[in-house]
C-alpha cells in the first residue's frame, strides 16, 4: 500500500457527499451493531462499530471542508511531514529532536520520525498543557478565596 501525504482540500462535491455518507453511516450504526455492506462477491461484510465511528469522524472532517491525511502508525515521517502534523515549523521540530523530546532515526543524512513517537510527544505536550491550565485555575481560585 502506497503511503501518501497528499495535501488537498476536498471539493464542494466531496464535501456534500461526505456529509450525506456520514449521516447514512450514523443512521445505519444506530439501527445495527456495526455496518453491513456487500462484498465483491455479494456476500455480507460487517464493519465493526469502532471502524464505523472512525469512518463517520473522517467523513465529518471532510464534510467540514477540512483536509484529512491518514498515516499508518508504523509510518516513518520526514521532518517536514512531522512538523506539519504538529503544526510547528521544521526548525522548531529539529530543536525538539536535538533536545531529545522526540526520537528520530537517521536514514543516510535524513532524519525520520516514527508516527508513534510523534503521537507520544503530542500526547505528552497536550497533557502538560492541561496540567498547566489546571494549575492556573487552582491558583486563580486560591487568589479569589484570599481576596474574599
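Numbering (the numbering used here), first residue to last: -10 to 137.
Yeah, the Cβ is synthetic: ideal placement off N, Cα and C, and Gly gets one too.
Using 8 Å as the cut-off, can you tell me whether the stretch 92 to 102 makes contact with the stretch 64 to 77, which would need three or more C-beta pairs spanning the two stretches below that distance?
The stretch 92 to 102 is in contact with the stretch 64 to 77.
Check for me: the alpha helix (DSSP H) holding residue 2 runs from which residue to which?
Looking at the DSSP string, the run of the alpha helix (DSSP H) that includes residue 2 is 1 to 20.
Report the rounded CA-to-CA distance for residue 133 versus residue 118, giving the unit in angstroms.
If you take the alpha carbons of residue 133 and residue 118, they lie about 22 Å apart.
For residue 65, which residues does DSSP report across the bridge?
Note: residue 65 sits in a beta bridge opposite 103.
Using a 10 Å radius around the Cβ and a threshold of 16 neighbouring Cβ atoms, would you call residue -2 buried or exposed?
When all chains shown are included, residue -2 counts as exposed.
Since residue 78 and residue 71 should fall inside the 8 Å C-beta cutoff, what is the C-beta to C-beta distance between them, to a whole number of angstroms?
Not confirmed; about 11 Å, so no contact.
Tell me, which residues are paired with residue 33 by DSSP?
Residue 33 is bridged to 27.
Quick one, which of 91, 116 and 95 has its alpha-carbon nearest residue 105's?
Among 91, 116 and 95, the Cα nearest to that of residue 105 is on 91.
Assess contact between the stretch 28 to 41 and the stretch 49 to 62, defined as three or more Cβ pairs (one per stretch) separated by less than 8 Å. Is contact present?
No, the stretch 28 to 41 does not touch the stretch 49 to 62.
Buried or exposed: which applies to residue 125, given that a residue is buried once 16 or more other Cβ atoms fall within 10 Å of its Cβ?
Classification of residue 125: exposed, given that the 10 Å Cβ count is below 16.
Ends of the beta strand (DSSP E) at residue 94?
From DSSP, the beta strand (DSSP E) with residue 94 extends over 94 to 96.
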